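Novice: Numbering (the numbering used here), first residue to last: 1 to 180.
Ideal Cβ positions, reconstructed from N, Cα and C, are used throughout, including at glycine.
In this text the structure is predicted, and so the values were computed from the model without any measurement.
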Amino acid sequence: MLGVYMAFQNNEKWLRWWLIVICLGLAYLLGEETSYGQHYFDLPMFDAFQNFNDQGENNIHNSSSWFDQKPRAILLLGMILGTIVHPLVKRFRGRGLFDNPWWLAPTLACLGCVVFSQVGAIPERIDDLNMFSMSAQAFTGGYRSSEMEEVYMYMFFVAYLLSLRHRLKLHKAAAARLEK
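1) Helix, strand or coil for residue 37 per DSSP?
2) State buried or exposed for residue 61, treating a residue as buried only when at least 16 other CB atoms are found within 10 Å of its CB.
3) Quick one: give me the first and last residue of the alpha helix (DSSP H) that residue 42 is part of.
4) I need the straight-line Cα distance from residue 10 to residue 146, nearest angstrom please.
5) Provide the residue span of the alpha helix (DSSP H) that contains residue 144, from first to last.
6) Quick check on DSSP: helix, strand or coil for residue 133?
7) Out of curiosity, what's the CA-to-CA distance linking residue 41 and residue 35?
8) Under 8 Å between the Cβ atoms of residue 71 and residue 15?
9) Considering just the uninterrupted stretch of the alpha helix (DSSP H) at residue 49, what are its terminal residues?
10) Go ahead and pull the three-state DSSP assignment for residue 105.
11) For residue 6, which of 173, 162, 176 and 137 has the nearest alpha-carbon?
12) Taking one C-beta from the stretch 95-115 and one from the stretch 132-145 each time, how about it: are there three or more such pairs within less than 8 Å?
13) What number of angstroms, rounded off, separates the C-alpha of residue 148 from the C-alpha of residue 44?
14) I'd like the span of the alpha helix (DSSP H) that includes residue 86, first residue to last.
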């Protein structure tokens, strides 16, 4: 809701489009994670999903890695580049990876979400290496590491939108002072 509100409140064309893309992406994530209301409303599995979904749910992210793992990897790469690499490059080179437009890069308010998304995924990453005969996730009480990673990815978007809203207010206040 915050992203939609911000999109309608802003006059900058590309920022508005960026916020719309974020809102559409979040709507897709929410729809996929809730199987488009299947479990909330006790809906049957739709015929369109029966042919390719391997978990009996009304979503496409359980059908292929192209709808789950690869988009997640791209999103995580963007989160890491924007929240960790960009500020470090900016600190040591005086210019970030992407300084223009200014609103694209996340702030350090998002850092905790990025770090904890990766910390939460450590047991699964260890299991992916196949170095041990026992699963590292067995020591976590049975939670799926990917679920923890997803929670922090969603929290990243909340932190990003809240920090962007704050920066927009500061930007508008600075512009108003310059006009005086």
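Specialist: Answer, in terms of the structure:
1) helix
2) buried
3) Neither: residue 42 is in no alpha helix (DSSP H) and is coded neither H nor E.
4) 35 Å
5) Note, residue 144: premise wrong, no alpha helix (DSSP H); not H, not E.
6) coil
7) 10 Å
8) no
9) 47-50
10) coil
11) 162
12) no
13) 27 Å
14) 86-93
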